[in-house]
Amino acid sequence: MENKKTVLARWSMISIAAVCVMVFSYVPTASAFLLSFQTGKGANLQFNGFANYIRLINDGTFWVTLGNTLIYAAVEIPIMLFIALVVAVLLNDPNIKERGVYRTCIFLPCVTSMVSYSILFKNIFALDGIINNLLLRLNIVATPIPFVLDAFWAKVVIIVSLIWRYTGYYMIFYLAGLQNIDPSIYEAAKLDGCNFNQTFFKITVPLLKPIIFLTTIMALNSTLQLFDEVVNLTGGGPGNSTRTISEYIYDLSFNYVPSYGYSATVSLAVFALVVALTILQKEVTREKGE
Amino acid sequence: MNKAVSYSIKRLFLIIISFLSVFPFLWMVISATNDSADIMMGKLTFGRALLKNIRNAIESANLGRSFINSTLLSVVITILSLFICSLAGYAFVIYKNKATEVLCMIIVASMMVPFAAKIIPLYRMFANMGLLNNYLCIILPAIGAPFLVFFFRQNSESFPKETIEAARVDGCNEWIIFTSIYFPMMRSTYAAAAIFSFMAAWNNYMWPLIALQSESKYTLPLAVSNLANGFTPDYGMVMVGIIISTAPTILIFFILQKNFVEGILGSVK
Numbered sequence: 038m039e040n041k042k043t044v045l046a047r048w049s050m051i052s053i054a055a056v057c058v059m060v061f062s063y064v065p066t067a068s069a070f071l072l073s074f075q076t077g078k079g080a081n082l083q084f085n086g087f088a089n090y091i092r093l094i095n096d097g098t099f100w101v102t103l104g105n106t107l108i109y110a111a112v113e114i115p116i117m118l119f120i121a122l123v124v125a126v127l128l129n130d131p132n133i134k135e136r137g138v139y140r141t142c143i144f145l146p147c148v149t150s151m152v153s154y155s156i157l158f159k160n161i162f163a164l165d166g167i168i169n170n171l172l173l174r175l176n177i178v179a180t181p182i183p184f185v186l187d188a189f190w191a192k193v194v195i196i197v198s199l200i201w202r203y204t205g206y207y208m209i210f211y212l213a214g215l216q217n218i219d220p221s222i223y224e225a226a227k228l229d230g231c232n233f234n235q236t237f238f239k240i241t242v243p244l245l246k247p248i249i250f251l252t253t254i255m256a257l258n259s260t261l262q263l264f265d266e267v268v269n270l271t272g273g274g275p276g277n278s279t280r281t282i283s284e285y286i287y288d289l290s291f292n293y294v295p296s297y298g299y300s301a302t303v304s305l306a307v308f309a310l311v312v313a314l315t316i317l318q319k320e321v322t323r324e325k326g327e
Numbered sequence: 002m003n004k005a006v007s008y009s010i011k012r013l014f015l016i017i018i019s020f021l022s023v024f025p026f027l028w029m030v031i032s033a034t035n036d037s038a039d040i041m042m043g044k045l046t047f048g049r050a051l052l053k054n055i056r057n058a059i060e061s062a063n064l065g066r067s068f069i070n071s072t073l074l075s076v077v078i079t080i081l082s083l084f085i086c087s088l089a090g091y092a093f094v095i096y097k098n099k100a101t102e103v104l105c106m107i108i109v110a111s112m113m114v115p116f117a118a119k120i121i122p123l124y125r126m127f128a129n130m131g132l133l134n135n136y137l138c139i140i141l142p143a144i145g146a147p148f149l150v151f152f153f154r155q156n157s158e159s160f161p162k163e164t165i166e167a168a169r170v171d172g173c174n175e176w177i178i179f180t181s182i183y184f185p186m187m188r189s190t191y192a193a194a195a196i197f198s199f200m201a202a203w204n205n206y207m208w209p210l211i212a213l214q215s216e217s218k219y220t221l222p223l224a225v226s227n228l229a230n231g232f233t234p235d236y237g238m239v240m241v242g243i244i245i246s247t248a249p250t251i252l253i254f255f256i257l258q259k260n261f262v263e264g265i266l267g268s269v270k
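Respectively, the protein sequence lines represent chains A and B. Counting the first sequence from 1 gives a position; my numbering is that position plus 37. Counting the second sequence from 1 gives a position; my numbering is that position plus 1.
Below, the structure is given as structure tokens:
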């Protein structure tokens, strides 16, 4: 029953959201694409063909920041998701008392703001921070480790911080996934004498494969856009050793001599990576579905 | 392995992970009661500087003003985005046809666009409109959130269409159906979406950092980050700032824990 009223209601209800998304998402993306073929400052922009793309390929800093971002992803994501999965499996065991308390504690880091916890961790890992104090008192090190000032340790600190903040977040997805597994499977495994390792790797992991895949993509996606933490923990330093690609885009646009055209080009590289990931996810889940 | 031993190991593991998760919070609260010098010495007991730190944070760092800014912005963004996105999500299900399906796909696809890819054009757009450093440039890009449209659409699928038909027979106008039937029935969906939207607005850092220039307009993440990255930061004061910016979200989490989790899981339904 299509009448005038429903047609009018349909389009007026959708229009505001549609206009917002067009104006603040698609128009900027399209103009970033146009910008990537331009050079100049402020309103003085000229087309310069593919020069920005050629610069991108030869830009050492771009590759360094992309590399940093990928290192974070490669180290952080497997460790974090593994801990999240193990914790979820343990929390799913009805024999464990105080499950709710543990779950709340482990989830709590996820409600902190990115800026706040980064500053907190910067203090915890400071030269005279609590970690160094502990290490000194336990005689593990003789001199404090310059965590935030050392190219290697700064990366470690960022990865540790990310794991602290997001493990509980991904745990929630695994807990939800575990609820959908028939408990009789575990009972059967128990009767057959399977131990924890066997049930974990032979039953839980295969059954949760779709969720593990999904969370991997989600984590990759958010790591590719990492900005707040790095800015507030290390500021990208020392040198460029912890700078992420998002921070590089920000610096190119607002800190260094502004070159909008080129930074738009770098941002499109991130965009391309995110789109590729999303397509990969859609393809794989489609295969699973059929 | 002995059953009791394996049980103890599991519990020990959970206790350690829980402790590691909570410890930074504990340390944050303890540090907020200490002087900057004590914090740097690694003091792990409560001190007496809490009131002084709070006074500093509010008087010299103006965190009270940033708190009000953040609260106002987040509440306005949450209300507007919930209204706009739930309307669209509802309409995409109730008035579904080929055209709306395509439009919905286009809107949801924009979730893929990383924010970094939009900052320069957005910056230039708002600069041209003369709206930089105006809260409109924070509010406008946030109210049409594709994720929320998607979230409401997913949750509207289960909304009973017979109810709508019945209301129409009773002579209800399409908008009345939305406001007085759909809205009250979907309260828990709205709660989950509100948490998601509020958190995103409250914690937003990158865009306000670019768009807001005068300190009197700063939101909490900007103000706290500024304090902490100053030349000789007063750590006690910084800790108070961190607590002020974390406490509201923790409070919401404890009050609405169930909706909170729903909101997170909503992204994968």
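C-beta atoms are modelled at their ideal positions from N, C-alpha and C, and glycine is treated no differently.
Around the CB of Thr149 (chain A), 16 or more other CB atoms lie within 10 Å, so the residue is classed as buried. The segment 194 to 209 of chain A and the segment 102 to 120 of chain A touch, with no fewer than 3 CB-CB distances between them shorter than 8 Å. Any Cβ of chain A closer than 7 Å to the Cβ of Tyr191 (chain B) would place that residue at the interface, and such an atom is absent. Comparing alpha carbon positions, the residue from A:Val268, A:Asn258, A:Tyr223 and A:Thr253 closest to Thr241 (chain A) is A:Tyr223. In the three-state scheme derived from DSSP, where H, G and I count as helix and E and B as strand, Lys159 (chain A) is classed as helix.
Only those residues of the segment 162 to 175 of chain B whose C-beta falls short of 7 Å from the nearest C-beta of chain A are listed: Glu175.
When only Cα atoms are considered, Ile196 (chain B) and Val30 (chain B) end up about 24 Å apart.
Ranking A:Phe61, A:Val185, A:Arg140 and A:Ala188 by CA distance to the CA of Ala146 (chain B) puts A:Phe61 first.
In its chain, beyond the 5 residues on either side, Val194, Ser198 and Leu270 have a beta carbon closer than 7 Å to the beta carbon of Phe158 (chain A). Closest in C-alpha terms to Tyr206 (chain B), from the list B:Ala224, B:Ala194, B:Asn230 and B:Ser189, comes B:Ala224. Under a 10 Å Cβ-count criterion, Gln262 (chain A) is classified as buried, with 16 or more other Cβ atoms of the shown protein chains found around its own Cβ. Nearest Cα to Cys86 (chain B) within the set A:Met50, A:Val321 and A:Leu45: A:Met50. Going by beta carbons, Met255 (chain A) and Ala125 (chain A) fall outside the 7 Å limit. Apart from the 5 residues on each side of it in sequence, Thr252 (chain A) sits with its Cβ closer than 7 Å to the Cβ of Leu118, Tyr207 and Phe210 in its chain, given in chain order. Contact between Ile286 (chain A) and Ser304 (chain A) holds: CB atoms are separated by about 5 Å, below the 8 Å threshold.
Membership of Gly230 (chain A) in any alpha helix (DSSP H) is not indicated, and neither H nor E is assigned to it by DSSP. The DSSP-derived three-state label of Gln262 (chain A) is coil. Close CB contacts of Leu122 (chain A) within its chain, under the 6 Å cut and outside five residues either way in sequence, are with Tyr211 (chain order). At a cut-off of 7 Å between beta-carbon atoms, Gln262 (chain A) makes contact with chain B. In this model, Gly137 (chain A) and Pro247 (chain A) are separated by some 26 Å (Cα to Cα). With distances taken between CA atoms, Leu137 (chain B) lies nearest to B:Leu123 out of B:Met106, B:Asn57, B:Leu123 and B:Val262.
By the rule that beta-carbons nearer than 7 Å mark a contact, Ser198 (chain A) does not touch chain B. The CB of Met50 (chain A) comes closer than 7 Å to the CB of Leu88, Ala89, Tyr91 and Ala92 in chain B, given here in chain order.
In this model, Gly242 (chain B) and Leu210 (chain B) are separated by some 17 Å (Cα to Cα). Taking C-alpha positions only, Ala46 (chain A) is separated from Phe199 (chain B) by approximately 28 Å. In the DSSP assignment, Thr76 (chain A) falls within the unbroken beta strand (DSSP E) covering Gln75 to Lys78. Secondary structure of Leu82 (chain A) (DSSP, three-state): strand. Within the same chain, and ignoring the five residues on either side of Asp235 (chain B) in sequence, the residues whose Cβ sits closer than 7 Å to its Cβ are Ser37 and Asn57. Here Ser300 (chain A) is near Ser290 (chain A), since their CB atoms are less than 7 Å apart.
Nearest neighbour of Phe160 (chain B) by Cα position, chosen from B:Thr250, B:Phe93 and B:Phe24, turns out to be B:Phe93.
The beta carbon of Leu13 (chain B) sits no closer than 7 Å to any beta carbon of chain A. Under the three-pair Cβ rule at 8 Å, the segment 102 to 109 of chain B does not count as touching the segment 255 to 265 of chain B. Asn174 (chain B) sits in coil when the DSSP states are folded into three classes, being neither helix nor strand. Annotation: Phe184 (chain A) to Ala163 (chain A) spans about 7 Å, alpha carbon to alpha carbon. About 5 Å separates the beta carbon of Gly298 (chain A) from that of Thr76 (chain A), a gap short enough to meet the 8 Å contact definition.
Runs of the alpha helix (DSSP H) lying entirely within the segment 150 to 206 of chain A, each at least 4 residues long, are 151 to 161 and 167 to 174 in chain order.
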